[in-house]
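The structure appears below as structure tokens.
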Amino acid sequence: YFPSAAPSVSGMPTIFVPSSDIGEVGVPGSVSEFSDGRWVVKGSGNDIWDRSDQFHYVHFAKTGSVVLELLVESFYTIHSWQKGGLMFRESLDANSKHYSLYVTGNQGIANQWRGSTGGTSSSLDNSGLNTKPVWIQVSKSANEFSTAYKYEGATEWTPLWGPTNIGFSSDFYVGIVAHSHINGRLATLKAREFNIIDMPTPEPQKCLMVTTGTPSESSGGALDVFVDSGSGYVTVSTPGKHHGKGEIVIDQCFHTIVGVKVSNQSVIGWAGVFELSTDRKVSYFPLTCSDCTGTTNTMPISVDGNADGGDQATTWCFDGATCTLSVEAPKNCLRVTTGNSYNYDGPLNVFVDSGSGY
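So in the numbering used here the end of the sequence shown lands on 959, straight run, no missing numbers.
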């Protein structure tokens, strides 16, 4: 495989390939890699599904953006939902996040993932894709995952599903999986040309979402949004369009954002939500209102940057109000409290090192 295969003897399996049984498998799995590029991976286990998995995993530690490719030659069927293929996995724990593309017993090609540790699983499949040999591909670009396939001899990949955003840690695993769906038996995946291709990680984007109205406010109105990506402000919303409560005014990603400006040209009040992030609803950038003109009823906008699941900012604007928001760097916020189930309190000193000592 690419880029760093272990030394091998012609026609014989390599001495060592890193692999593990994940979860409680009924029969230990195994892997053999041959000098001609062939792989044989055997695994048991009830399933790779729901909140916890059982399978055999050939795994290599990676970071960054990566593309995986594998030519599956055969996968002898003992169960319709046996699975073998490619997996990105955050850890070797049974309940880890993962993103995977499998061939199955007779359910075609399946794209399955777990978006949170110990969370439920999601699945997309095409039951008509049962022909083998078949190439499968999984791509990770930052934290966006995509899948594709092609039949042997084809030059172009056919996209399947994605992009799907899953927040992985910076260190993770990639590799080949096999599981039988019958915990007392082994399923055997035969493949070749396993490729691990390092890709440049794209520069972070900044994604802006602005809505009118919140669950607690029934206002709508005409709201214009302007974005400065480094060359001055340009209009990114439909000028003068009246938006109802809860309507999305803009939901768009830019190469960079250095400023946001909003203007309400109607006498109808509105309450809006502002979210600016690189990863959509995980890590927010604080926004600070540097000016706010309009009637005395206008409330300045302030976005705290906390990903608390609630509204990132709400404000009321009336009669031609305009507000310019400057983008700040993300903040690290610390909260310490006294008291727990015992209701104790007392003196507590807190020290913080921001880079120059405590």
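Backbone N, C-alpha and C define an ideal beta-carbon position, used for all residues, glycine too.
As the structure is a prediction and not an experimental result, all values here were calculated from the model.
Query: At 3 residues or longer, and completely inside the segment 661-699: list those beta strand (DSSP E) runs for me, N to C.; Result: 666-676, 684-690
Query: Determine the extent of the beta strand (DSSP E) in which tryptophan 736 is found, giving its start and end residues.; Result: 735-742
Query: Measuring CA to CA, which of Arg715, Asn784, Leu725 is closest to serine 692?; Result: Arg715
Query: Run through the segment 614-660 for me and flag every whole alpha helix (DSSP H) of 4 or more residues, listed as ranges in chain order.; Result: none
Query: Below 8 angstroms, how does it come out for the segment 755-774 and the segment 624-642: are there three or more Cβ pairs, yes or no?; Result: no
Query: From valine 628 to histidine 660, what distance separates their C-alpha atoms?; Result: 19 angstroms
Query: Do you know how far the Cα of valine 626 is from the Cα of glycine 776?; Result: 18 angstroms
Query: Are the CB atoms of arginine 639 and asparagine 696 nearer to each other than 7 angstroms?; Result: no
Query: Look at the alpha carbon of lysine 741 and the alpha carbon of threonine 664, and state the distance between them as a whole number of angstroms.; Result: 10 angstroms
Query: Using C-beta distances below 6 angstroms, list every residue in its chain close to phenylalanine 676, excluding the 5 sequence neighbours before and after it, in chain order.; Result: Gly685, Val704, Leu790
Query: Counting C-beta neighbours from all protein chains within 10 Å, is the total for isoleucine 797 16 or more, i.e. buried, or is it exposed?; Result: buried
Query: Check whether the Cβ atoms of alanine 585 and glutamine 683 sit closer than 7 angstroms, and answer yes or no.; Result: The question about residue 585 has no answer, for the chain in this structure spans 602 to 959.
Query: With distances taken from CA atoms, which of Ser620, Val673, Phe827, Glu674 is nearest phenylalanine 656?; Result: Ser620
Query: For the beta strand (DSSP E) that contains histidine 780, what are its first and last residues?; Result: 772-780
Query: Please confirm whether valine 937 and valine 951 have their CB atoms less than 7 angstroms apart.; Result: yes
Query: Could you compute how far the alpha carbon of leucine 687 sits from the alpha carbon of lysine 807?; Result: 30 angstroms
Query: Could you tell me the distance, in whole angstroms, from the CA atom of valine 642 to the CA atom of glycine 706?; Result: 15 angstroms
Query: According to DSSP, which residues form a beta bridge with alanine 711?; Result: Tyr703, Asp726
Query: Using 10 angstroms around the beta-carbon of threonine 939, count the other beta-carbons present and answer buried if the total reaches 16, otherwise exposed.; Result: exposed
Query: Name the residue from Ala749, Val618, Thr732 whose alpha carbon lies nearest to the alpha carbon of alanine 662.; Result: Val618
Query: For aspartate 587, which residues in the same chain have their Cβ closer than 7 angstroms to its Cβ, ignoring the five residues on either side in sequence?; Result: In the structure as shown, the chain starts at 602 and stops at 959, and residue 587 therefore has no counterpart that could be examined.
Query: Roughly how many whole angstroms lie between the Cα atoms of serine 747 and glutamate 670?; Result: 12 angstroms
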